[in-house]
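To keep things clear, I will list the structure first and then write my remarks on it.
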Amino acid sequence: MAADLDIILKKYKHGRREDLIPLLQEIQAENGYLSEESIVRVGGHLGLSTTKIFGLATFYDQFRFIPSGKVHLKICHGTSCFMNGSQSIIDKIKEELKISPGQTTRNGNFSFDIVTCLGGCFHGPVIMVNGEYQIHIRAEQVPALITKLKFIIDND
Amino acid sequence: MLFTIQVNNKKIKAEKGETILSALNRNGIIIPTLCRMKEFTPTGACRMCVVEVEGKERLVTACSQPVEEWMKIKTHSQRVITARKTIVELLLSNHPDDCLYCDRNLKCELQRLSEELNIRERRIKGRKIKQRLDQSSPAIVRELAKCILCGRCIRVCEEVITSTSLDFINRGSQTHVGAAMDRDFNFSSCIHCGQCVLVCPTGALHEKHNITEVQEYLNKHDIIKAIQYSPVVPAGIAGELGIKYSRDFDKNLNAILRKIGFDKVYTTGTGTDVCINEVALQLSENIEKKADKPLFITACPAWVKYAEQFVPTLIPQLSTVKSPQQITGILIKTIVAGQLDVKPEQIFSVSVTPCMAMKYEARRDGMMRKGISDVDSVMTVRELAKLIRLNGIDFTNTEKEPADEPLSGRSSSAALAEVSGGMAESVLRLIYYRTTGKEIDKQVFKKLRVSATFRDSAILIGENEIKVAVVDGLTGLEKLRSAQASGTKYDLIEVMTCPGGCIHGGGLPFITSKEDLKNRARMVYQSDDNEAIALPCKSPSMINLYEKLLKENIEISDKSIFFTHFEKRNVLL
Amino acid sequence: MEDLKTFLINKVLLFESDTLPSETEKVLQQVRRDKTNVPVIHISSNTSSIIAGSDKTFNAVKVYVEENEPTTLTVRVGCSGPANYEPMVCVQMPGKNKLFFRNITEEKVEPLLNGVFHNDINEDDLLGQTGSKGFEFWPGISFINELPFFANQKRIVLGNCGCYDPESIEEYIARGGYSTFVKTIRHYTFEEVCDIIERSGLRGRSGGGYPTGLKWKQALNTSSNARYLICNAKESDPGSFSDRTILESDPHRLIEGMAIAAYAIGASNAILYLKSGSDYARMRLQTAISMAREFGIIGHNIYSSGYNLDISLRQEPGAFVCGEETALINSLEGKRGMPQLKPPYPTTSGLSGKPTVINNVETLMNIPLIMKNGPEWFRSIGTETSPGTKIFAITGRGRMSGVIEVEMGTTLGSVLEDIVDGIKDGKEFKAIQLGGASGSFITAENLDTPVDFDAMKEKGFGMGAGGFVVIDETSCMVDLVRYYMEYLRNESCGKCIPCREGTGRMLEILESVIRKPVNEDSGTTLERFKGVMQLETISSVMKDTSLCGLGQTAPNPFVSALKNFREEFEEHIFDRKCRANVCRGLRTFLIDVEKCTGCTVCAGKCPVNAIYGTRLQPFFIVEDKCIGCGVCFDVCKFSAVIVK
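See the structure below:
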């Protein structure tokens, strides 16, 4: 991981503060999260204190500080999906997985985020499972979906 | 260019380019503010200073809106008062209710606002902020539940101290102020200077309390209780207790301290004199050897921590002489222990300082001898005032008493050292005297006495021209670096973290204006002019110490107790 | 024989006159696939259609064509508008009018194409045909432009969407694209362009309605050695997807608009600030920008005009508040996205202290059209104070949903009736909401308000950026207001006290209204009522004193809901009833004694032990204890638990 970090940091050799967010976004895209080591290295590279970078990264939704799960769910909570019942889906997922949005289960299998408007307003509620869309989800289908995903993880 | 504006139906004069607030203040109209700090650009975070301006749809913040000709302003209309009241009520809705137990009870800005706005009912109820108590730092305690997110501490730490140890974390109602990776303070790059404590409006940041420990030990009868205080403390105490300060108030303070229960009362000034002396010896050696690198004065423990973290390459250039507090402390534990014929562990040694970082310094590795700390407990001036009140001392009616021997006297250099530039001046004065036999004309140091974050000068002593630099507040380090980069070679550099020097330390009463600071500096310069003994080597306590006591105590006669060491620190920068 | 790129550059972009010679036109016709001698199939391909399955449709079409009609061209195009008809397929048989089909999922491809290629059109999924001169008309099939959804729109900004392959710059140039930009930079000065836009009366389409030309002039007239143009393509409003549709369907026109705007303010750097997570839009934009670079639209000394321009793409890291100008600029500078005091305004001192203009996607899409057709043409559309058109993203309970464009001055009622075609499933209309999370609710008595900045402001609501949500009786207004307040509380930046604390307190009070605690008594009713009265004070202080637009408009949904639906609030507070049966905490359940078998499952699951009975006898629910969680309803296998 440190070697990849070097490659990414080299791309931003000028080390200006405007590059901070694109740099963090690249690291996040590469590793799935921002580790403490990467934040410290970025701070050293740009001449910014770790505190400032951490403060900035926690402000935005995109950055995670723990790795996301093997299955990452994104649940659309835009107005249309809300009116079609996405709140009960979110509650059900919280119940089944026992984690909050942004967290990962202890065994590292699942994590989920709440996002606004994926764009499938007519086919809501919409969720994304590891990048794939699933439409017209109902709260009753959630337990079966989780079981199916657990099965896939175990047998991967 | 002056023009007229109308405020509350009265005409007043305002200057083009100034803000509404400054125009109002100049004309005696006071409106409440909260997040505002003088000499810092406004951020508009608290919205307390809103006023009604005719023609504008919404209320505007007076701290940032520039005045325009013929503006019609209402500062206390019903709409404005409701807005201010609601804002404070919103703050109170998730603020803990323990004013009675809070460190800032009776001195809190939020309490004052609540009283001013006549808030008498808990109308808005809310979920309280998550409690988090961070007591990991030896000097500063954070209570996040009381934080109102004004952002003052962050700005001071970034813009004045440049160590940027604090920032906002998360967003919205989840926001809180924290250090890197949201860890506790002792993992961060905090240098414990305490400037953040001075600006915090509530009890969210305050000093670690040693007063309970001290009170406990005061009740023990088989322990010798010794206390030392630095030269600026008497002025600070007078201010805290609300009594008039006189030049020899320190004699009253000695009596007060004895009444509280301290067996021995010493002045840190003796230690300062030793410190100046040893630094002068080091500098003279450097000059003789024609050393290439400058000598940094290390009386400021926050600066030392800063150097160990951020510029470890400077560590070889730091003077290994301990700070005045530690020197006095070790003298108590060795010479005084010998005189009283007790073991060092039977002495409980307390130090009263204007500084917060001294609490951290007393715990450093290198500040102990044979497992016993040089100084056992450090209290700030504010804490001493509380201790005096706690013990019911009638401080308006005390005798004048001298401090105890052998650490009772000091030269005026020791007092001067607490102003930025003073220590460097004192060292050079001593070297001049030793070289020429005469006392130097103080006019030579004019350039070092101006108010700027970086000052330098060249002083001619004998055949050598000694280049000296003074960094007043860590923002001056940049200027030092560029001066050195352009080729100037300094012999002596003094760095003080708190702007203005120890007279603006984190442990002194809160000051509200730059005028206060100037007054304190002026008092120090005056006492330096008027006191009889200017040089450390002429102080009787010093002479006694070096000629007699150190020689008598074989164990410490090599003076190694006056020196310490430094190391690179591994913290999250 | 020169290649297409050189041909387009020399014969089209650099051609001085407005009308092209007929030989050039002939080539362009081919590029546009106007008249072909092979069949052409267009498949819609953007995020909303992909969610509906258009990727699979495309693959199915490709497979069919390879096996059966290998000369057919298959092209991916953008979105034509109606989201509920996705995936849309358009078939163009040689010499005949185009035919449009809707909801063509993967399994419908084969039967459909079988039919079309054998002249046997299946009427089920047929939308209609387009009528064009010189093409054969399909007898017995209606015209798509006569459908009320299309007939009542004026699609000029969206004119290209769904008509061409957004990844092909050649097609865009063939449709007249980029030549306006080249002419502008070669023949007009900065001031002249600003003048033209000012005379056209174009107003910012992000909701504020500030005159665009005026904003540009402010930046142009601030002396500086650099200026920036930022296109705010963030669109984080929940329920708004019009910007994303434009980015995916017609990215080139946006780039042209940005380029002209950058030129007008004398900026050589333009930044597109894109929403995070919209990978498809990002991909289309990156392709478009690199193609524009290849064709010399972006670069140095563009087309010998002496003008340099660079466009870069930045993805926002996820904060709604970064839609505010100063917060956006802070985010670009690598700081926390917290808004700052204004003055100074960004047009005087913005990104890196230089004059910066931030424009919305829709505003910039209008620019090439105004420069091409002139400001008087623009003024002839719309109303006196708000010329032009407005794009809305219709969502909610209407029969039709999708991205539409109407002329300013159209009444909201006619949008609802004619374009959206009323409410689905015969339910009753309640309100529409314009402008996303900070928008007010508009009830039936205000439906005659025209779409116009000033007319709406007079009535007390704003236009917003384009969100248009249709609400019917199945939605609970209190719950909806709570949802918006939760969103705003999560997105508040936390800098100023009124917004940070105010949104939190308002949310808590609203939650106490829709949830039922275990032990209710009359004291708590008074608490709730007092709480709701507090909301009014907090709302007005938030409006008056918040630092930025988020806090200032956050109370809007609550205030307008309280004004228009006061009885619903009072029912929730005093009667503890939710008339839409949405608020879980306020539902009451009872057991149908006819259906109950006494299996005891519900009693076991009840978290508050509110269900009593003896085995094999019908059970009953104690209403006072019931908290309305609905577990018994979920677990009963005999459907014996019903909602009162």
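Protein chains in written order, with this note's numbering: chain D, 11 to 166; chain A, 43 to 615; chain E, 5 to 648.
No residue lacks a Cβ here, since even glycine has one placed at the ideal position from N, Cα and C.
Note that the coordinates shown come from a computational prediction; the quantities given were computed from them, not determined experimentally.
Residue i: contacting residues in chain E (beta-carbon distance under 7 angstroms)
| i | result |
| --- | --- |
| Asp71 of chain D | Gly322 and Ala323 |
| Val136 of chain D | Ile55 |
Neighbour list for residue i in chain D, Cβ cutoff strictly below 9 angstroms
| i | result |
| --- | --- |
| Val517 of chain E | In chain order: nothing, as chain D lies at least about 16 angstroms away. |
| Arg300 of chain A | By Cβ distance, chain D contributes nothing, its closest Cβ being about 45 angstroms from Arg300 of chain A, past 9 angstroms. |
Neighbour-count burial assignment, residue i, 16 or more Cβ in a 10 Å radius
| i | result |
| --- | --- |
| Glu403 of chain A | buried |
| Ile17 of chain D | exposed |
| Met5 of chain E | In this prediction, Met5 of chain E has a pLDDT of 48, which is less than 50 and means its spatial position is unreliable; what the coordinates show is noted afterwards. Flag for Met5 of chain E reads exposed. |
| Ala39 of chain D | exposed |
| Leu83 of chain D | buried |
| Phe153 of chain E | buried |
| Phe161 of chain D | exposed |
| Gln173 of chain A | exposed |
| Lys52 of chain A | exposed |
| Ser26 of chain E | exposed |
| Tyr616 of chain E | exposed |
Residue i: contacting residues in chain D (beta-carbon distance under 7 angstroms)
| i | result |
| --- | --- |
| Phe245 of chain E | Cys127, Gly129 and Cys131 |
| Lys339 of chain E | Leu66 |
| Thr399 of chain E | Thr89, Ser90 and Cys131 |
Integer-rounded CB distance, given that residue j should sit under 8 angstroms from residue i
| i | j | result |
| --- | --- | --- |
| Ile503 of chain A | Tyr474 of chain A | 5 angstroms |
| Leu56 of chain D | Leu30 of chain D | 6 angstroms |
| Asn397 of chain E | Ser244 of chain E | Residue 397 of chain E is actually Ala in this sequence, not Asn. Contact holds; Cβ gap of about 5 angstroms. |
| Glu249 of chain A | Val256 of chain A | Incorrect: roughly 13 angstroms between the Cβ atoms, too far for contact. |
Interface residues of chain E facing residue i [CB-CB closer than 8 angstroms]
| i | result |
| --- | --- |
| Val92 of chain A | Asp548 and Thr549 |
| Arg51 of chain D | Within 8 angstroms Cβ-Cβ: nothing; Arg51 of chain D doesn't reach chain E, min ~16 angstroms. |
Interface residues of chain A facing residue i [CB-CB closer than 7 angstroms]
| i | result |
| --- | --- |
| Ile250 of chain E | Per Cβ cutoff of 7 angstroms: no residues; Ile250 of chain E is ~29 angstroms from chain A at best. |
Under 9 angstroms by beta carbon: chain A residues contacting residue i
| i | result |
| --- | --- |
| Ser59 of chain D | Glu200, Ser205, Thr206, Ser207, Asp209, Ala222, Ser231, Leu614 and Leu615 |
| Asn494 of chain E | Arg213, Gly214, Ser215 and Gln216 |
| Gly498 of chain E | Leu191, Phe210, Asn212, Arg213, Gly214, Ser215, Gln216 and Thr217 |
Residues that residue i contacts on chain A, provided the C-beta gap is smaller than 8 angstroms
| i | result |
| --- | --- |
| Leu345 of chain E | Pro84, Thr85, Gly86, Thr103 and Ser106 |
| Lys104 of chain D | By Cβ distance, chain A contributes nothing, its closest Cβ being about 18 angstroms from Lys104 of chain D, past 8 angstroms. |
Per-residue contacts from residue i into chain D (C-beta, under 8 angstroms)
| i | result |
| --- | --- |
| Asn88 of chain E | Phe132 |
| Ser444 of chain E | In chain order: nothing, as chain D lies at least about 14 angstroms away. |
Along the chain, which unbroken stretches of the beta strand (DSSP E) at least 3 residues long are found entirely within the segment 357-400 of chain E?
-> 360-364 and 393-400
What are the uninterrupted segments assigned as beta strand (DSSP E) that are 3 or more residues long and contained completely in the segment 321-348 of chain A, given in chain order?
-> 337-339
Are the segment 266-277 of chain E and the segment 306-315 of chain E touching by the rule of at least three beta carbon pairs closer than 8 angstroms?
-> yes
Touch check for the segment 530-545 of chain A and the segment 332-339 of chain A: three-plus C-beta pairs under 8 angstroms?
-> yes
Ordered list of beta strand (DSSP E) runs contained in the segment 10-63 of chain E, each at least 3 residues | 44-48
Which runs of the alpha helix (DSSP H) fall wholly inside the segment 424-489 of chain A and span at least 4 residues, in chain order?
-> 454-458 and 464-478
Contained beta strand (DSSP E) runs [length at least 3] in the segment 400-477 of chain E, N- to C-terminal order | 406-411, 433-438 and 471-476
For the segment 223-232 of chain A and the segment 79-98 of chain D, state whether three or more C-beta atom pairs, one from each stretch, are separated by less than 8 angstroms.
-> no
Length-filtered (4 minimum) alpha helix (DSSP H) runs lying within the segment 307-355 of chain E = 329-336
Taking three-plus beta-carbon pairs below 8 angstroms as touching, is the segment 208-218 of chain E in contact with the segment 366-374 of chain E?
-> yes
Are the segment 542-550 of chain E and the segment 98-114 of chain A touching by the rule of at least three beta carbon pairs closer than 8 angstroms?
-> yes
Length at least 4, wholly inside the segment 122-171 of chain A: the alpha helix (DSSP H) runs in chain order | 151-158
Hey, which unbroken runs of the beta strand (DSSP E) at 3 residues or more fall wholly within the segment 218-244 of chain E?
-> 232-237
Return the chain-ordered ranges of every alpha helix (DSSP H) run that is complete within the segment 556-591 of chain E and spans a minimum of 4 residues.
-> 560-568 and 570-574
What are the uninterrupted segments assigned as alpha helix (DSSP H) that are 4 or more residues long and contained completely in the segment 23-96 of chain D, given in chain order?
-> 30-41, 46-56, 60-69 and 89-93
Segment contact flag, the segment 409-416 of chain E with the segment 229-243 of chain E, C-beta cutoff 8 angstroms, min 3 pairs | no
Given 8 angstroms as the limit, is there contact between the segment 318-326 of chain E and the segment 467-482 of chain E, that is, 3 or more CB pairs closer than that?
-> no
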